[in-house]
Amino acid sequence: MAADEPLVLGIETSCDETGVGIVRGTTLLADAVASSVDTHARFGGVVPEIASRAHLEAMVPTIERALKEAGISARDLDGIAVTSGPGLAGALLVGVSAAKAYAYALDKPLYGVNHLASHICVDQLEHGPLPEPTMALLVSGGHSSLLLAPDITSDVRPLGATIDDAAGEAFDKIARVLNLGFPGGPVIDRLAKEGDPKSIAFPRGLTGPRDAPYDFSFSGLKTSVARWIEAKRAAGEEVPVRDVAASFQEAVVDVLTRKAVRACKDEGVDHLMIGGGVAANSRLRALAQERCERAGIRLRVPRPGLCTDNGAMVAALGAEMVARNRRPSDLELSADSSLPVTEPHVPGKHVPGKHQHAHDHDHVHEISKDNLYS
């Protein structure tokens with residue numbers, strides 16, 4: 001870790017995790033997370049209004065915790081990065097507003113970055129600089145995507161995406177049908193280890209010869225599993241929960257890994273990065289490793305704590321933006337719930353190297369910079 005590498009704080013509030021990370025270059029210094037998942041569990045899913053309020057309450061304490069963990073002052077930072085999209089609009093707005101306030105008060109450059117690109121860049125904190133191009137399989141509650149990134153800061157190309165239910169969403173819905181609670185991924189992963197993945201032949205969506213080779217669809221699988229369970233219950237039979245979990249999980253990871261390996265071969269890329277919350281799934285990791293080794297592909301998967309939403313991934317991409325001298329965002333930066341992955345960050349219109357100040361923007365109130373952390 002070199003002292004001249006960019007020191008960046010990242011803020012992530014796209015869903016129900018308030019994440020604040022601090023990195024220097026590709027070295028992680030702090031990763032503080034405040035989760036509201038237990039509150040949402042009462043409703044069987046994330047409630048946007050509750051998530052936004054939780055972010056408001058957790059923001060400053062989480063930033064303070066990250067700065068303390070990193071052993072730095074906020075004034076030491078070289079930049080502030082924040083997820084500007086995609087995600088829940090209200091939740092994103094909390095993070096963007098906080099990042100703009102800190103960037104202004106500290107007179108530091110602001111970088112609004114893409115949530116999906118951040119999930120790719122976080123792997124640098126564990127396995128070093130990303131190869132160029134990088135092939136990435138991102139799997140979460142909202143996205144199942146295959147992306148080719150020749151330059152993670154400026155050039156991310158979608159090869160395939162979810163056309164209905166994402167993998168993580170399917171996990172949550174099947175867990176609900178099985179009365180396993182929310183979130184569904186971890187509990188299905190745990191129960192599947194005690195079940196037989198070959199006991200039930202659930203369908204593999206979009207794997208036919210005429211189907212889009214890199215797109216994903218888990219809606220049909222979800223419906224098939226739900227109907228199978230309903231039929232068992234209607235017949236008065238006990239549902240073999242562990243076998244259902246194992247067979248469902250196998251159907252999901254089979255499709256994900258099969259398409260990812262195919263994309264690597266077709267694009268001539270000899271490595272694969274897997275990220276997103278579902279990348280913490282043990283069976284996905286094992287099957288991906290098995291298939292990648294067989295195909296001569298190097299697999300890169302961050303540790304589970306870096307796969308779920310966190311501020312470290314945002315800080316990692318922000319540090320890369322600083323290192324590559326990408327243009328900072330303006331203080332007009334807004335939350336964009338549908339920010340496309342083709343936009344790794346939202347550059348401002350001002351002259352590079354010049355930070356925007358309050359007198360340039362009527363809607364930014366004058367505040368005392370001395371009131372922030374010294």
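Residue numbers (my numbering): 1 to 374.
Heads up, the beta-carbon is just placed ideally off N, CA and C, and yes, glycines get one too.
- Item | residue 176 beta carbon less than 8 Å from that of residue 184 | Pairing residue 184 with residue 176 gives a Cβ-Cβ distance under 8 Å.
- Item | Residue range of the beta strand (DSSP E) that includes residue 18 | 17 to 24
- Query: What residues are listed by DSSP as bridge partners for residue 345?
  - Reply: Listed as beta-bridge partners of residue 345 by DSSP are 113.
- Item | Euclidean distance between Cα positions of residue 113 and residue 277 | If you draw a straight line from the Cα of residue 113 to the Cα of residue 277, it is about 18 Å long.
- Ignore the nearest five residues each way along the sequence and tell me which others in residue 351's own chain have a CB closer than 8 Å to its CB. Any reading at residue 351 must be qualified, since the residue scores a pLDDT of 48, below 50, and its modelled position is unreliable; the value itself is stated next. Once the five neighbours on either side are set aside, residue 351 has no close Cβ partner at all.
- Item | Close-in-space but distant-in-sequence residues of the same chain around residue 271 (CB under 7 Å, 5 per side omitted) | 131, 135, 297, 298, 300
- Neighbourhood of residue 229 by C-beta distance below 6 Å, restricted to the same chain and skipping five residues each side: 177, 239
- Item | Cβ-Cβ separation, residue 243 to residue 282 (assumed contact under 8 Å), whole Å | Between residue 243 and residue 282 the Cβ distance is about 17 Å, and since that is not below 8 Å, they are no contact.
- Start-to-end residues for the alpha helix (DSSP H) that takes in residue 229: 219 to 234
- Query: Between the beta-carbon of residue 25 and the beta-carbon of residue 12, is there less than 8 Å?
  - Reply: no
- Query: Just reading off the alpha helix (DSSP H) that residue 261 is part of, what are its end residues?
  - Reply: 241 to 267
- Task: Flag this pair as yes or no: are the beta carbons of residue 22 and residue 39 separated by less than 8 Å?
- Result: The Cβ atoms of residue 22 and residue 39 do not sit closer than 8 Å to each other.
- Between residue 316 and residue 115, what straight-line distance do the alpha-carbon atoms span, to the nearest angstrom? 12 Å
- Between 57, 72, 322, 146, which lies nearest to residue 266 when the distance is taken from Cα to Cα? 146
- Could you spell out where the beta strand (DSSP E) holding residue 30 opens and where it closes? In the DSSP assignment, residue 30 falls within the unbroken beta strand (DSSP E) covering 27 to 35.
- Task: Excluding the 5 residues preceding and the 5 following residue 195 in the sequence, name in chain order all residues of the same chain whose CB lies nearer than 6 Å to its CB.
- Result: These residues qualify, in order along the chain: 242, 243, 245, 246.
- Can you tell me which of the three DSSP states residue 130 falls into? coil
- Take residue 88 and list the residues in its own chain whose beta-carbon comes closer than 8 Å to its own, dropping the five residues that flank it on each side. Excluding residues within five positions, the ones whose Cβ falls inside 8 Å are 14, 15, 46, 48, 51, 52, 337.
- Determine the burial state of residue 43: buried for a count of at least 16 other Cβ atoms within 10 Å of its Cβ, exposed for fewer. exposed
- Query: So who's on the other strand from residue 158, going by DSSP bridges?
  - Reply: 147
- Message: For a quick check, are the C-beta atoms of residue 83 and residue 58 less than 8 Å apart?
- Response: no
- Whose C-beta lies closer than 7 Å to the C-beta of residue 318 among residues of the same chain, with five residues either side of it excluded? 8, 10, 79, 81, 111, 113
- Item | 8 Å Cβ cutoff met for residue 37 and residue 66 | In this structure, residue 66 does not lie closer than 8 Å to residue 37 by Cβ.
- Return the first residue and the last residue of the alpha helix (DSSP H) that residue 95 is part of. Where residue 95 is concerned, the enclosing alpha helix (DSSP H) stretches over 89 to 106.
- For residue 84, three-class secondary structure by DSSP: strand
- Message: Assuming contact is defined by CB atoms lying nearer than 8 Å, are residue 122 and residue 279 in contact in what I supplied?
- Response: no
- Task: Could you give the DSSP three-state label for residue 120: helix, strand or coil?
- Result: helix
- Message: Our contact map puts residue 326 next to residue 347 with C-beta atoms below 8 Å; I'd like the distance itself, whole angstroms only.
- Response: 7 Å
- Sheet register partners of residue 14 (DSSP bridge): Residue 14 is not bridged to any residue.
- Message: Can you give me the C-alpha to C-alpha distance between residue 353 and residue 60, rounded to a whole angstrom?
- Response: Bear in mind that the predicted position of residue 353 carries a pLDDT of just 48, short of 50, making it too unreliable to give a figure here.
- Task: Return helix, strand or coil for residue 319, following the three-state DSSP convention.
- Result: helix
- Query: Taking the alpha helix (DSSP H) that residue 174 falls in, what are its first and last residues?
  - Reply: 167 to 177
- Task: Have a look at residue 288 and residue 70 and give me their C-alpha separation to the nearest angstrom.
- Result: 34 Å
- Query: For residue 351, which three-state DSSP category applies?
  - Reply: In this prediction, residue 351 scores a pLDDT of 48, lower than 50, which makes its location untrustworthy; the coordinate-derived value is nonetheless stated afterwards. Reduced to three states, the DSSP call for residue 351 is coil.
- Message: Going by DSSP in three states, residue 195 sits in which element: helix, strand or coil?
- Response: coil
- Could you tell me the distance, in whole angstroms, from the CA atom of residue 74 to the CA atom of residue 100? 14 Å
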